[in-house]
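Sequence positions in the sequence shown follow the UniProt record's numbering and run 1 to 131.
We put the beta carbon where it would ideally sit given N, CA and C, even for glycine.
Bear in mind the structure is a predicted one, so any value in this text is a computation, not a measurement.
Take a look at the structure below.
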Amino acid sequence: MSRNAGYMKKLRKARVERKQCIRCGKPLSQESLIRGVKQCEKCLDYQRKRKLGQISSKVNTTYFYNRQYKKDEIKRKELGNFMVENKITIKDLAKEANLSQRTIQRILYTDANYTKKTKDAINNYLGKELL
1 MSRNAGYMKK LRKARVERKQ CIRCGKPLSQ ESLIRGVKQC EKCLDYQRKR
51 KLGQISSKVN TTYFYNRQYK KDEIKRKELG NFMVENKITI KDLAKEANLS
101 QRTIQRILYT DANYTKKTKD AINNYLGKEL L
């Protein structure tokens with residue numbers, strides 16, 4: 001159990017002892033206490049609507065980037081042509097240079113800066129000074 005889950009479990013238990021709604025913390029009515037319900041009416045309605053699919057949580061997709069690169073957009077033509085001629089894939093280059101595929105893609109398709117360590121790793125594997 002994660003730390004947050006354990007904390008929430010303790011919080012819900014404390015709210016039950018204080019006769020509060022386990023979700024929002026508002027005091028429970030006498031009627032709901034008699035029925036043995038541990039949530040207020042508003043929280044119960046929310047839970048029912050969520051189960052029916054009327055309420056759903058959506059992921060904000062504005063911060064996700066499209067990483068599907070096109071072959072026409074290669075910025076480092078010399079490196080790209082060398083890889084095509086020698087049949088070296090991005091996956092192979094990343095594995096042999098101990099880098100991530102994302103790093104290789106960023107170097108190949110964008111004008112991203114790279115470290116000296118990255119440059120040396122790629123040039124050592126290719127056996128040629130391309131970067």
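Check: Beta-carbon gap between residue 126 and residue 78 smaller than 7 Å; Outcome: no
Check: At least three beta-carbon pairs within less than 8 Å, the stretch 14 to 21 to the stretch 32 to 48; Outcome: yes
Check: C-beta contact flag for residue 11 and residue 21 at 7 Å; Outcome: no
Check: Contacts around residue 91, its chain only, beta-carbon distance under 8 Å, and the 5 residues preceding and following it disregarded; Outcome: 101
Check: C-alpha gap between residue 9 and residue 45, whole angstroms; Outcome: 22 Å
Check: Beta-carbon proximity check, residue 97 vs residue 106, cutoff 7 Å; Outcome: no
Check: Counted within 10 angstroms of its Cβ, other Cβ atoms place residue 104 as buried (16 or more) or exposed; Outcome: buried
Check: Nearest-angstrom Cα separation, counted from residue 122 out to residue 89; Outcome: 13 Å
Check: C-alpha distance - residue 80 paired with residue 73, whole-angstrom precision; Outcome: 10 Å
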